[in-house]
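This report refers to the structure that appears directly beneath it.
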Amino acid sequence: MEIKHNHPIFEEQFLTYRQSLGSDFDGYRNHCYRVYNFCCALTRNKPENDDKIVIAAMFHDLGIWTENTFDYLQPSQLLARRYLEKTDRSTWIPEIEAMISEHHKLTPYKAQPSLLIEPFRKADWIDVSRGMLRHRLPDDFVLDVFDAFPNEGFHKKLLLLAKARIKTHPFNPLPMMKL
244 MEIKHNHPIF
254 EEQFLTYRQS
264 LGSDFDGYRN
274 HCYRVYNFCC
284 ALTRNKPEND
294 DKIVIAAMFH
304 DLGIWTENTF
314 DYLQPSQLLA
324 RRYLEKTDRS
334 TWIPEIEAMI
344 SEHHKLTPYK
354 AQPSLLIEPF
364 RKADWIDVSR
374 GMLRHRLPDD
384 FVLDVFDAFP
394 NEGFHKKLLL
404 LAKARIKTHP
414 FNPLPMMKL
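In our numbering, the protein residues as written are 244 to 422.
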């Protein structure tokens with residue numbers, strides 16, 4: 244399996260959101276590239292999926308920084324929707340929004356198996372678990388992706404945000420999680 248190190252949509256959008264991401268830029272960029280690579284591998288690198296995966300990966304957590312919130316799924320979906328409308332990809336909106344809204348689902352997404360929602364969910368879980376979950380991807384590929392795109396403090400940042408959220412929302416500390 245070949246690691247994908249760049250994509251023009253990513254690079255354009257990372258320039259757009261560099262200021263919003265601030266000191267978390269490298270961590271978020273690498274997280275997005277890891278999720279992208281894992282999802283591509285899970286879907287056997289089908290070219291027709293590539294741009295959809297990149298767009299979902301780019302925007303899936305971005306609302307954390309653009310809206311300064313840990314309740315970020317809807318803001319992230321809105322950013323993706325605006326991008327898709329601007330780039331004449333409106334027909335992709337339902338699938339991309341579902342990929343974003345379901346990416347922290349704890350159980351498999353079974354409603355529309357032909358769409359990229361479940362492979363994207365698995366890809367994010369591979370990253371969030373730091374490779375403990377692999378969803379049948381080869382060990383060496385997962386490790387190579389982590390080596391190619393180092394953490395750069397991304398997971399530490401998420402833990403700090405979760406800790407802060409627990410203090411202010413003790414009954415809804417992880418609003419992005421779903422069963």
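Every residue gets a Cβ at the ideal spot worked out from N, C-alpha and C, and that includes glycine.
Could you give the C-beta distance for residue i and residue j, rounded to a whole number, given that I count them as a contact under 8 Å?
{"i": "Met363", "j": "Ile296", "result": "Per the sequence shown, the amino acid found at residue 363 is Phe instead of Met. Their Cβ separation, rounded to whole angstroms, is 7 Å, which keeps Phe363 and Ile296 in contact under 8 Å."}
{"i": "Asp367", "j": "Trp308", "result": "With a Cβ gap of about 17 Å, Asp367 and Trp308 do not count as contacting."}
{"i": "Ser344", "j": "Leu316", "result": "5 Å"}
{"i": "Ile360", "j": "Met301", "result": "At roughly 16 Å, the Cβ-Cβ gap does not stay under 8 Å, so Ile360 and Met301 are not in contact."}
{"i": "Cys283", "j": "Asp294", "result": "Incorrect: roughly 11 Å between the Cβ atoms, too far for contact."}
{"i": "His250", "j": "Phe397", "result": "Not confirmed; about 19 Å, so no contact."}
{"i": "Leu404", "j": "Phe313", "result": "5 Å"}
{"i": "Gly270", "j": "Lys406", "result": "Not a contact, Cβ separation roughly 17 Å."}
Comparing C-alpha positions only, which one of the options sits nearest to residue i?
{"i": "Tyr391", "options": "Gln317, Pro251 and Tyr279", "result": "Residue identity differs from the one stated: residue 391 is Ala in this sequence, not Tyr. For the residues Gln317, Pro251 and Tyr279, the minimum Cα distance to Ala391 belongs to Tyr279."}
{"i": "Arg272", "options": "Val371, Gln355, Glu254 and His346", "result": "Glu254"}
{"i": "Thr286", "options": "Arg379, Val388 and Ala323", "result": "Arg379"}
{"i": "Val388", "options": "Leu402, Phe397, Lys400 and Arg373", "result": "Arg373"}
{"i": "Ser319", "options": "Asp370, Gly306, Leu404 and Glu395", "result": "Gly306"}
{"i": "Trp248", "options": "Lys348, Arg277 and Phe257", "result": "Here the sequence assigns His to residue 248, which means Trp is not the residue at that position. Nearest of Lys348, Arg277 and Phe257 to His248, Cα basis: Arg277."}
{"i": "His347", "options": "Asp370, Leu358, Leu327 and Trp335", "result": "Asp370"}
{"i": "Ser357", "options": "Asp382, Glu245, Asp314 and Glu291", "result": "Glu291"}
{"i": "Gln256", "options": "Glu310, Thr330, Pro381 and Ile246", "result": "Thr330"}
{"i": "Glu395", "options": "Thr411, Ile246 and Gly265", "result": "Gly265"}
Taking 9 Å as the CB-CB limit, is residue i close to chain B?
{"i": "Ile298", "result": "No chain B appears in the structure shown, which is made up of a single protein chain."}
Those runs of the alpha helix (DSSP H) which lie wholly inside the region 331 to 415 and span at least 4 residues: 336 to 344, 360 to 371, 382 to 391 and 397 to 411
Alpha helix (DSSP H) segments (min. 4 residues) lying fully within the region 245 to 292: 251 to 264 and 268 to 285
Stretch pair the region 316 to 327 + the region 336 to 355: three plus CB contacts closer than 8 Å: yes
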